[in-house]
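These notes concern the structure reproduced below.
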Amino acid sequence: MEKSMLDIKLSDKMTSAKKIKVKEIMKYLVFFCAVLAVGTSALPQKTENEVAPKQQRLITNTIRNLIRQISRAIKENGLDPVVIDDFEYEYNIPFLVDVRLFIEKLRFIGASDIVIKQLDYSAIFNRLRFDIELPHLLLVVVDSGVTANIFGEKYSGQFLGSVAVNGIGLSGEVRVNIGIISGISIRSLDVKFRLDRIKSNTVIVVLGEDWSLNVNNLLNNDIPNLLKTHENDINKFLSELLKSIADSVLKPNGLYENMISEV
84 MEKSMLDIKL SDKMTSAKKI KVKEIMKYLV FFCAVLAVGT SALPQKTENE
134 VAPKQQRLIT NTIRNLIRQI SRAIKENGLD PVVIDDFEYE YNIPFLVDVR
184 LFIEKLRFIG ASDIVIKQLD YSAIFNRLRF DIELPHLLLV VVDSGVTANI
234 FGEKYSGQFL GSVAVNGIGL SGEVRVNIGI ISGISIRSLD VKFRLDRIKS
284 NTVIVVLGED WSLNVNNLLN NDIPNLLKTH ENDINKFLSE LLKSIADSVL
334 KPNGLYENMI SEV
């Protein structure tokens, strides 16, 4: 079956994005863990004032460099900004299917603007505290729509407007155990997710029915309220998920080695 221009463009972006992909990001993550293990075990376990500041900065600077690499990769892969001035697609099977799609002036910005609000490491307690945020994500579409005639049935849809998401953040604390034989392991990991605000001002019409009010209310009110109501459960789930991922990465013959062998 013939591929659409949209399919090809999305496929190209996904292929291009694999340059950062598992191999790159996992490499940075494991390198950070190695630095953490070596750096902390080398530090004198006395008082905080006796710990060489530059040795602690080695840990935090490694993380800062990782975040800069991710931010740069997002830009280099065309994911910030995403700009589509005019796009049209048409697919036709005579007497059976006729689909027309268009996008006029789409902009998406903010995905690479990763702000480190707090990042500090204590060698005494083998503790890392962090607060990372995406301050502002913005999607603007001047107009877009689709019309279709499938086996004689007509369908249509339209989307335009803007959606802004402010203050997506993740903060938390990671404590690790360092052992000469056992190596590095995560003792505890607690994170908190936050979302300051969603501001949606969109027009959405599906099959001639205007869903704008419902969708805007969902984004502006329902989703933030839902996140607030289930805040503790969400934070617990994220903490357990991230700890599980970190444990898999750190264990011998774990996630990193298996994934690298498949790349």
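First residue of the sequence shown: 84, per the numbering used here; consecutive thereafter.
Note that CB positions come from ideal geometry on N, CA and C, so glycine has one too.
| Asked | Found |
| --- | --- |
| Following the continuous alpha helix (DSSP H) through ASP330, name the residue where it begins and the one where it ends. | 314-333 |
| Given a threshold of 16 other Cβ atoms within 10 Å of its Cβ, counted over all protein chains shown, does LEU126 qualify as buried or as exposed? | Only weak support is given to the placement of LEU126: the predicted model assigns it a pLDDT of 42, under 50, and the value that follows is read from those uncertain coordinates. Looking at its Cβ environment, which holds 16 or more other Cβ atoms inside 10 Å, LEU126 is buried. |
| Counting pairs of beta carbons, one from the segment 175-187 and one from the segment 223-239, are three or more of them closer than 8 Å? | yes |
| Residues in its own chain within less than 6 Å of VAL223 by CB, not counting five upstream and five downstream? | ARG190 and SER245 |
| State the Cα-Cα distance for the pair LYS200 and ASP214, rounded to the nearest angstrom. | 5 Å |
| According to DSSP, is LEU184 helix, strand or coil? | strand |
| Starting from ASN297 and walking both ways along the alpha helix (DSSP H), at which residues does that stretch end? | 295-300 |
| Grab me the residues of LYS86's own chain with a C-beta within less than 7 Å of its C-beta, minus the 5 sequence neighbours each way, in chain order. | Legend: pLDDT at LYS86 = 45, less than 50; position of this residue unreliable, no value from coordinates given. |
| Report the start-end ranges of each beta strand (DSSP E) in the segment 172-229 that is 3 residues or longer and not cut off at the edges. | 180-192 and 198-205 |
| Using 7 Å as the cut-off, classify the Cβ of GLU323 as near or not near the heavy atoms of the ligand ATP, replying yes or no. | The ligand ATP is not among the ligands present in this structure, which contains no ligands whatsoever. |
| For VAL274 versus LEU301, is the C-beta spacing smaller than 8 Å? | no |
| Can you tell me the Cα-Cα spacing of ASN148 and ILE142, whole angstroms? | 10 Å |
| Within a Cβ cutoff of 6 Å, which residues of the same chain sit near ARG212, ignoring the five residues on either side of it in sequence? | ASP203 and GLU256 |
| CB-CB under 8 Å to LEU290, same chain, minus the five flanking residues each way: which ones, in chain order? | TYR238, SER239 and GLY240 |
| Here's the rule I'm using: 16 or more other beta-carbon atoms within 10 Å means buried, otherwise exposed. How should ILE176 be labelled? | exposed |
| Would you mind giving the Cβ-Cβ distance between SER283 and ASN299, rounded to the nearest angstrom? I have them listed as a contact below 8 Å. | 5 Å |
| By alpha-carbon positions, which one of ASN249, ILE157 and LYS311 ends up nearest to ALA194? | ILE157 |
| Which same chain residues end up closer than 7 Å to SER154 when comparing Cβ atoms and leaving out the 5 residues on each side of it in sequence? | SER195 and ILE197 |
| Are VAL229 and LEU184 closer than 8 Å when you measure CB to CB? | yes |
| Rounding to the nearest angstrom, what Cα-Cα distance links ARG151 and GLU292 in this structure? | 44 Å |
| For ASN249, which three-state DSSP category applies? | strand |
| For ASP168, tell me which candidate among GLY161, GLU187, LEU162 and ILE207 has the shortest Cα-Cα distance. | GLU187 |
| With DSSP collapsed to three states, give me the class of LEU290. | coil |
| Below 8 Å CB to CB, which residues in the same chain sit around LEU309 once its five sequence neighbours on both sides are set aside? | none |
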